[in-house]
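**Student:** Just remember that my numbering sits 2 ahead of the position in the sequence shown, which is counted from 1.
Even glycine gets a Cβ: it sits at the ideal position worked out from N, Cα and C.
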Amino acid sequence: MNLLRKILFPFAVLYGLITSIRNFLFDKGILKSTSFDVPVIAVGNLSVGGTGKTPQIEYLIRLLTDKYKVATLSRGYKRKSEGFVLAGENSNAEILGDEPFQFYQKFPNVKVAVDANRTNGIMQLLAHPDKPEVILLDDAFQHRKVKAGFYILLTAFDDLYADDYMLPTGNLRESRSGAERANIVIVTKCPNNLSEEKQTEIRLKLKLNCSQQIFFTFIDYDTVIYNKDAKIAVSEIKSEPKLLLAGIAKPKPFFEYLKTENDECLTFPDHHHFSDADLESIQKKANGNKIITTEKDYVRLKDSKLVSQLYYLPIKSTFINHQQNFDASILDYIKNNLRS
3 MNLLRKILFP
13 FAVLYGLITS
23 IRNFLFDKGI
33 LKSTSFDVPV
43 IAVGNLSVGG
53 TGKTPQIEYL
63 IRLLTDKYKV
73 ATLSRGYKRK
83 SEGFVLAGEN
93 SNAEILGDEP
103 FQFYQKFPNV
113 KVAVDANRTN
123 GIMQLLAHPD
133 KPEVILLDDA
143 FQHRKVKAGF
153 YILLTAFDDL
163 YADDYMLPTG
173 NLRESRSGAE
183 RANIVIVTKC
193 PNNLSEEKQT
203 EIRLKLKLNC
213 SQQIFFTFID
223 YDTVIYNKDA
233 KIAVSEIKSE
243 PKLLLAGIAK
253 PKPFFEYLKT
263 ENDECLTFPD
273 HHHFSDADLE
283 SIQKKANGNK
293 IITTEKDYVR
303 LKDSKLVSQL
313 YYLPIKSTFI
323 NHQQNFDASI
333 LDYIKNNLRS
């Protein structure tokens with residue numbers, strides 16, 4: 003923790019007090035939460051960014067789309083549109099935000115919507131003639147105006163909420179006690195060989211109650227990179243010089259998976275909108291070599307001047323163990339709450 007963050011500790015105490023009062027008012031029903039007659043699953047975190055919400059939402063989509071009509075609802079962070087927007091053929095990353103646009107492109111059978119007002123967003127989805135049977139709320143753990151039926155809380159292996167502090171001293175959006183609202187806690191971005199002993203240690207550290215389940219996942223990188231027209235095995239491009247480009251919260255694992263001594267890494271802020279000057283700089287640094295980026299960045303760059311040399315590396319969330327138990331918990335919740 004740097005000196006400035008330590009100095010700001012009194013503000014962290016104040017911020018924690020404010021969020022605790024807000025949660026208390028929602029818990030007691032003084033502030034209104036709206037519930038819906040459709041299964042609503044909220045995925046989120048206690049901290050700011052970088053816990054792997056996008057691959058977890060995609061995991062749920064893959065689990066559910068063969069069985070139910072699924073919709074995702076996000077706020078559409080850094081989008082240039084306003085209000086409720088339902089993804090359609092004219093949508094792009096600027097209209098939806100990069101992550102919702104990624105959902106829309108990958109899962110054509112899923113309704114993808116954005117609205118900062120989640121209550122209004124759900125109402126709009128349910129008013130659609132072909133309304134969804136299940137709604138996945140992306141990054142909505144603190145959005146208490148909607149009362150989801152099921153909460154999934156993510157916390158990164160190397161940045162557990164139990165070790166963190168409130169903003170601005172740490173990265174927590176609310177106090178650690180907020181984890182009590184979660185039905186399931188997933189420790190993300192684990193080493194893929196995480197031992198049972200270490201899992202037990204983390205389980206005890208998080209101090210979950212007896213009704214809460216905990217699972218452990220890792221980021222599973224594809225063995226192939228893709229662009230609009232081609233795909234290439236990662237093993238084939240490992241030895242050739244390339245530019246690795248990332249505008250995500252925690253790009254280090256992405257770089258480590260692909261990088262060799264001949265590569266250059268270029269980092270931008272999370273959800274960065276690439277300007278013409280950025281594109282010129284990237285193209286110059288690439289010097290004619292392949293540019294490999296994350297899937298989230300690719301949806302913002304695929305129509306740019308970089309397209310002829312631009313590739314992306316997909317990722318997915320994979321459970322270390324007990325995947326069937328997780329799937330069963332989600333499917334049981336939906337089955338028990340789906341109205342005919």
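(1) Should the region 144-164 be called in touch with the region 173-185, which here means at least 3 C-beta pairs below 8 Å?
(2) Use the C-beta contact count for Lys298: other C-beta atoms within 10 angstroms, 16 or more gives buried, fewer gives exposed.
(3) Identify the residues that DSSP records as bridge partners of Ile221: which are they?
(4) With Lys200 as the anchor, note down where its beta strand (DSSP E) starts and where it stops.
(5) Give every residue of the same chain whose Cβ lies closer than 6 Å to the Cβ of Ser2, excluding the five residues on either side of it in the sequence, and list them in chain order.
(6) Taking the straight line between their C-alpha atoms, what separation do you get for Lys318 and Lys30?
(7) Leaving out five residues on either side along the sequence, give the residues of the same chain with a beta carbon under 7 Å from the beta carbon of Lys93.
(8) Can you grab the Cα-Cα spacing for the pair Glu60 / Phe26, in whole Å?
(9) With respect to the alpha helix (DSSP H) encompassing Gly18, which residues constitute its N-terminal and C-terminal limits?
(10) DSSP three-state label for Leu6, please.
(11) By how many angstroms is the C-alpha of Asp160 removed from the C-alpha of Thr53?
(12) Less than 8 Å between the C-beta atoms of Leu98 and Arg81, yes or no?
(13) Counting only the same chain and skipping the five closest in sequence on each side, list residues whose C-beta sits under 7 Å from that of Gln201.
(14) I need the boundaries of the alpha helix (DSSP H) containing Tyr163, first residue and last residue.
(15) Give a yes or no on contact between the region 135-142 and the region 165-173, applying the rule of three or more CB pairs nearer than 8 Å.
(16) Helix, strand or coil for Asn339, going by three-state DSSP, please let me know.
(17) Find out if the Cβ-Cβ distance for the pair Leu315, Asp231 is shorter than 8 Å.
(18) Should Phe220 and Ile322 be called a contact, given that it needs their Cβ atoms to be closer than 8 Å?
(19) Counting only runs of 3+ residues fully inside the region 45-100, write out the beta strand (DSSP E) ranges in chain order.
(20) Report buried or exposed for Leu247, applying the criterion of at least 16 other Cβ atoms within 10 angstroms of its Cβ.
(21) For the putative contact between Val15 and Ile63, defined by C-beta atoms under 8 Å, what is the C-beta separation to the nearest angstrom?
(22) Return helix, strand or coil for Val112, following the three-state DSSP convention.
(23) Taking the beta strand (DSSP E) that Ile188 belongs to, which residues open and close that run?
(24) Just the C-alpha distance for Phe38 and Pro271, rounded to the nearest angstrom, thanks.
(25) Using the Cβ count rule (16 or more neighbours within 10 Å means buried), how would you classify Thr262?
(26) Which stretch, first to last residue, makes up the alpha helix (DSSP H) that contains Thr295?
(27) Under the rule that 16 or more other beta-carbon atoms within 10 Å means buried, what is Glu176, buried or exposed?
**Tutor:** Walking through what the data contain:
(1) yes
(2) buried
(3) Ser319
(4) Per DSSP, Lys200 belongs to no beta strand (DSSP E); it is in the alpha helix (DSSP H), 198-208.
(5) Given that the chain is displayed from residue 3 to residue 342, the structure contains no residue 2 and the question cannot be resolved.
(6) 38 Å
(7) Residue 93 is actually Ser in this sequence, not Lys. Cβ within range, chain order: Phe103, Tyr106.
(8) 32 Å
(9) 11-29
(10) helix
(11) 10 Å
(12) yes
(13) Phe218
(14) Segment: none, Tyr163 is in no alpha helix (DSSP H) and carries neither H nor E.
(15) no
(16) helix
(17) no
(18) yes
(19) 72-76
(20) buried
(21) Between Ile63 and Val15 the Cβ distance is about 39 Å, and since that is not below 8 Å, they are no contact.
(22) coil
(23) 186-190
(24) 36 Å
(25) exposed
(26) No alpha helix (DSSP H) holds Thr295; the beta strand (DSSP E) holding it covers 292-296.
(27) buried
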